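To start, the structure under review is shown below, and the notes come after it.
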Amino acid sequence: MERYANHSGKSGVAGFEITADSITVVFRDGSRYLYTVASAGRSNISTMHMLAQAGSGLNSFINKYVKTLYVK
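As numbered in the numbering used here, residues 48 to 119 make up the sequence shown, in order.
This is the structure in structure tokens:
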């Protein structure tokens, strides 16, 4: 698990784990959500990978575009 940089200081995201076809997002409250290419689409997963690695915008993107598209 990689720690999320949270450059804004306001994100609910604490960490993430990336694979070729998925991203697991861990929130500050301890909840974990797995988003996959099959559940959220390749374009969304690619964007989430980029935002997670940049440490900025991931929480906003999730809330706006993929909030309920998680596998578990």
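Where a beta carbon is used, it is the ideal one built from N, C-alpha and C, also for glycine. These numbers come from a predicted model, not from an experiment.
Best match in the options for proximity to residue i [C-alpha to C-alpha]
i: residue 112; options: 91, 97, 118, 96; result: 91
i: residue 56; options: 114, 107, 115, 116; result: 107
i: residue 52; options: 109, 99, 110; result: 99
Separation of residue j from residue i, as counted between CA atoms
i: residue 70; j: residue 105; result: 11 Å
i: residue 76; j: residue 68; result: 25 Å
i: residue 93; j: residue 79; result: 19 Å
i: residue 95; j: residue 60; result: 12 Å
i: residue 48; j: residue 116; result: 21 Å
Beta-carbon gap between residue i and residue j smaller than 8 Å
i: residue 54; j: residue 102; result: yes
i: residue 83; j: residue 118; result: yes
Limits of the unbroken beta strand (DSSP E) element including residue i
i: residue 65; result: 60-66
i: residue 81; result: 79-83
Residue i burial status per 10 Å Cβ neighbour count (16 or more: buried)
i: residue 85; result: exposed
N- and C-terminal bounds of the alpha helix (DSSP H) containing residue i
i: residue 94; result: 89-101
i: residue 107; result: 105-108
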